[in-house]
Every structure is written in C-alpha cells, then in structure tokens.
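K.L.:
Following this message is one structure expressed as structure tokens.
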Ligand SMILES: [Mg+2]
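Residue numbers (this note's numbering): 60 to 309.
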C-alpha cells in the first residue's frame, strides 16, 4: 500500500508527452495542416508526422545552444518538411505554414489523460516539480492552459538553466530548488535517454512513462507506468522507486 511507503522528498515529472499530450496534439494539428496544404498530402499522415518529430528533435539542440531563435527553428522545420514532400518553400511561406500549424496546435492542446489528477494527488504531500527541455514562456503557458499550475511547486526549463536533459546540471538545479536529495527523489518521463538515464546518472530514481508500450532500449530494471489511469498504483511505483537503493552511474 502506498500509505505505508515513505513520501519522497520530491517527485519530478517531464512535461511533454508526460503531463502535456504533445504527441496527439501535434498529430492532429499536422492532420489539419495537410487538409489545407496539397504539397503535404504527397506523404501519408504517418510519414509526415514521423518526419516532423524527427526534425523537431534534430533542430531543437541549436535552439537550446542559442544558435537559432525558436521562430527560425520553426521556419527551418517547415522548409525541410516541404523538401521531404518533394517541394520547396521560401522563408515567407515557411513562416506562414508554421503559423498555420501553430494555430491548430494551440487550439488542440490537451493533457495526457489522468496527469492532472496525478499532480493534484501529490501536491502538498511532496515537492512536485516539472523538469523539461523547452522555452520558459511556452511551458508556463502550458501549465496555465492545462489548469495544473497550482499543483506544481517548481518548473525547471532548459532555456533558463542553459542546458537540457540529460545534462546533470538541470537535475541538480531541480534538486537544489526542491531542497531534496537525489536518493529520496524520483523522476518520471517518456524519454528513455533524457528522463530515465538522465535522472539515474545523478542518483535520482527513475520511472519510465511508456504510454505507447515501446520496448526498453537497454536491459535495465526500470519500473514503468503506461498511463495515469490508476493513480494509486502509479503513486506506489513512484514512492517505491524514490527510496530504492541505487548508486549514481557517473
Ligand atoms: Mg517528454
């Protein structure tokens, strides 16, 4: 029973595709964009959406490193998407496509089912933190839009820290702000490399949020949660992992 387990010093959540449903919001927004842009229908929605996520991952580090603005990264993403579909678009058209996508994306935003209830359940019992790679304004807006800001004690964003997950500095910053020790803290997130391995490397417990039932990329014994629909069970997994004996990997 979770009640019998000690409450962690802090519980950290990833934001995108853990609290905020980026994957389905993005897929639906791309679907709407394809209906308006014939060029983008030369590829299937699945291919188009896969390439979009690949570009997002590939271009994001240059934003974190301050080499590109978020807008420039968006335009580049749409120029490369056009190329992927066998077309060519200039800067102005890329900016227009990016604005169209963005408008759909904003109107379709939604939380991961059960995430809000999970945060509300933990709030006031432990320090609830969000550790995320993105821009501060964007992530704050998501918290407000999803109605979860009141349940979150701290928001640690790569933009303000200057490095993103899995860099140890962002986790150390979160621990310091939470006033918690790594060995009494747990992190849950969907990215194996950023959330699971990133947390474990600094001695924080890790739970993999494996919503789509993927195979673990490495044979490590990491507890996993596939949804927040069973909050009591999820809490038990988080609390147990927060106190499980472990050593930092580095
Ligand atoms: Mg994520």
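Positions of the beta carbon are idealized from the N, C-alpha and C atoms, including for glycine.
1) Among 269, 303, 290, 274, which has the Cα closest to the Cα of residue 73?
2) I need the DSSP call for residue 74, collapsed to helix, strand or coil.
3) For ligand 1, which residues count as neighbours when the test is a C-beta closer than 6 Å to any heavy atom?
4) Among the residues of its own chain, which have a CB less than 6 Å from the CB of residue 223, if the five just before and after it don't count?
5) For residue 271, is the classification buried or exposed, using 16 other Cβ atoms within 10 angstroms of its Cβ as the cut-off for buried?
6) Go through its chain and collect everything with a Cβ distance to residue 135's Cβ below 7 Å, but skip five positions before and after it.
7) Residue range of the alpha helix (DSSP H) that residue 296 falls in?
8) Are there 16 or more other CB atoms within 10 angstroms of the CB of residue 147, so buried, or fewer, so exposed?
9) Are the CB atoms of residue 227 and residue 260 within a distance shorter than 8 Å?
10) So if DSSP puts residue 251 in a beta bridge, which residue, or which two residues, is it bridged to?
11) Drop a sphere of 10 angstroms on the beta-carbon of residue 150, count the other beta-carbons inside from all chains shown, and report buried for 16 or more, exposed for fewer.
12) Between 70, 89, 171, 301, which lies nearest to residue 106 when the distance is taken from Cα to Cα?
13) Should the segment 160-180 be called in touch with the segment 202-210, which here means at least 3 C-beta pairs below 8 Å?
14) For residue 98 and residue 299, what's the separation of their Cα atoms in angstroms?
15) Check whether chain C comes within 8 Å of residue 214, counting only Cβ atoms and requiring the distance to be less than that.
16) Do the segment 62-71 and the segment 243-250 touch if we need at least three Cβ pairs shorter than 8 Å?
17) What does a CB cutoff of less than 6 Å around residue 108 pick up in its chain, not counting 5 residues either side in sequence?
18) Report the three-state DSSP secondary structure of residue 170 (helix, strand or coil).
19) Could you tell me whether the Cβ atoms of residue 167 and residue 84 are closer together than 8 Å?
20) Using a Cβ-Cβ cut-off of 7 Å (strictly less than) and excluding sequence neighbours within five positions of residue 61, which residues of its own chain qualify?
21) What is the rounded straight-line gap between the Cα of residue 220 and the Cα of residue 125?
22) Cα separation between residue 185 and residue 280?
23) Between residue 190 and residue 215, how many whole angstroms is the CB-CB distance? I'm expecting something under 8 Å.
P.N.:
Taking the structure as given:
1) Of the listed residues, the one whose Cα sits closest to residue 73 is 269.
2) In the displayed model, residue 74 falls within coil according to three-state DSSP, outside both helix and strand.
3) Chain order is used for the residues whose beta-carbon lies nearer than 6 Å to a heavy atom of ligand 1, namely 73, 75, 76, 77, 248, 249, 250.
4) Closer than 6 Å at the Cβ level, and outside the excluded window around residue 223, lie 123, 192, 217.
5) Result: exposed.
6) Same-chain partners within the cutoff: 118.
7) Counting along the chain, the alpha helix (DSSP H) containing residue 296 begins and ends at 290-302.
8) By the neighbour-count rule (16 or more Cβ atoms within 10 Å), residue 147 is not buried but exposed.
9) In this structure, residue 260 places its C-beta atom within 8 Å of the C-beta atom of residue 227.
10) Residue pairing for residue 251: DSSP places it in no beta bridge.
11) So residue 150 counts as exposed.
12) Nearest in C-alpha terms to residue 106, of all of 70, 89, 171, 301, is 89.
13) Yes: at least three Cβ pairs fall under 8 Å.
14) Computed Cα separation, rounded: 50 Å.
15) Of the protein chains in the structure, only one exists, and it is not chain C.
16) The segment 62-71 makes contact with the segment 243-250; the number of CB pairs closer than 8 Å reaches 3 or more.
17) Cβ within range, chain order: 86, 89.
18) Secondary structure at residue 170: strand, using DSSP grouped into helix, strand and coil.
19) Taking 8 Å as the Cβ cut-off, residue 167 and residue 84 qualify as a contacting pair.
20) Confidence at residue 61 is low in this model, with a pLDDT of 47, below 50, so the placement of that residue should be treated as unreliable; the coordinate-derived value is given next. Once the five neighbours on either side are set aside, the close Cβ partners of residue 61 are 291, 294, 295, 298.
21) Distance between the alpha carbons of residue 220 and residue 125: 12 Å.
22) For residue 185 and residue 280, the distance between alpha carbons rounds to 25 Å.
23) The pair is a contact, with the Cβ atoms about 5 Å apart (cut-off 8 Å).
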